[in-house]
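Chemist: Mature numbering (1 follows the signal peptide of the UniProt record, and there is no 0) puts the sequence shown at residues -20 to -1, 1 to 210.
In this text, a Cβ means the ideal position worked out from N, Cα and C, and glycines have one as well.
Just so you know, these numbers come straight off a predicted model, no measurement behind them.
Would you mind keeping the following structure in view while I ask a few things?
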Amino acid sequence: GLWARAVLALSLGFLSYVWAKNRASEWGAAWSTCDLNLSMIAIDGKDLQTTIPALEPPKIIGRTNGKLEILVNVSPSLNLHLFEADNESQQKLVDVAYTSPVAAVAADPSAEDPYGVVLWPAAQVVAAALVRLPHLQGASVLELGAGTGLCSLAAAACGADVLATDYSASALELLHAAIPVNECAFGQQLQVRTQFFDIKGEEPLPPTDILVVADLLYMKSTSVATAKRC
């Protein structure tokens, strides 16, 4: 059918890194750069710069048990609560991974990708585009590499039945923590399930109406795997 497969994908790895390194002072500049790049990206023939209005920067609203609670704007009427690793943890993880991602993976292939415990600007843009898709309510949504789960939570908040997948247990734990917080905020149950899934594996993708892929192109291994899968 019409919604047999819709893929939303952005790769803004370096921009995202700059944002993580300088969240307090550099978000405005980073988002301005991101906004300029939107004119090069289109969904259904409409460029994102005209489809998506200006989004508010994420706001840190709490800290608990090594996690930051963040309020993220994805539409004029929709703000989502999200958790990510606290500043100290994410700074260390991102610095190590950004300095030597290939060497780190080669040294320990089972090591978790540290990028998944951080919210990236690409996820906010993809979530904003996702909630504007018609017929999202009641559709099945599969997110690959869900990370902290913003896109999955956004789809669920719009009435979709969501399966959020990642191969990082830490990322899925953060998503699990965010689900009840958003349910309390919205006063309704969100249909979000999680599943361990490695996009670089060989198992087939679960069936879905809408496939969401946000910012998985920052390393060669995930770029190749995403191209094969999607």
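Suppose only complete runs of 3+ residues qualify. What are the beta strand (DSSP E) ranges in the segment 118 to 146, listed by chain order?
Modeler: 120 to 124 and 141 to 146
Chemist: Would you kindly work out how many angstroms separate the C-alpha atoms of residue 123 and residue 157, rounded to a whole number?
Modeler: In this model, residue 123 and residue 157 are separated by some 17 Å (Cα to Cα).
Chemist: To the nearest angstrom, how far is it from the Cα of residue 186 to the Cα of residue 194?
Modeler: So the two alpha carbons sit approximately 17 Å from each other.
Chemist: Considering residue 156, what are the terminal residues of the alpha helix (DSSP H) in which it resides?
Modeler: 149 to 166
Chemist: Measuring only the C-alpha atoms, how far is residue 108 from residue 182?
Modeler: 30 Å
Chemist: Please list, in chain order, all residues of the same chain as residue 202 whose beta carbon is under 6 Å from its beta carbon, the five residues on each side excluded.
Modeler: 196
Chemist: Within the same chain, show all residues whose beta-carbon is closer than 7 Å to that of residue 60, passing over the 5 residues directly before and after it, in chain order.
Modeler: 52, 54, 130, 133, 134, 137 and 162
Chemist: The alpha helix (DSSP H) that contains residue 234, what's its start and end?
Modeler: Because the chain is modelled from -20 through 210, residue 234 falls outside the range shown and cannot be assessed.
Chemist: Is the Cβ-Cβ distance between residue 96 and residue 178 less than 8 Å?
Modeler: no
Chemist: For residue 165, count neighbouring C-beta atoms within 10 Å of its own C-beta (all shown protein chains included) and say buried if the count is 16 or more, exposed if not.
Modeler: Here residue 165 is exposed, its C-beta having fewer than 16 other C-beta atoms within 10 Å.
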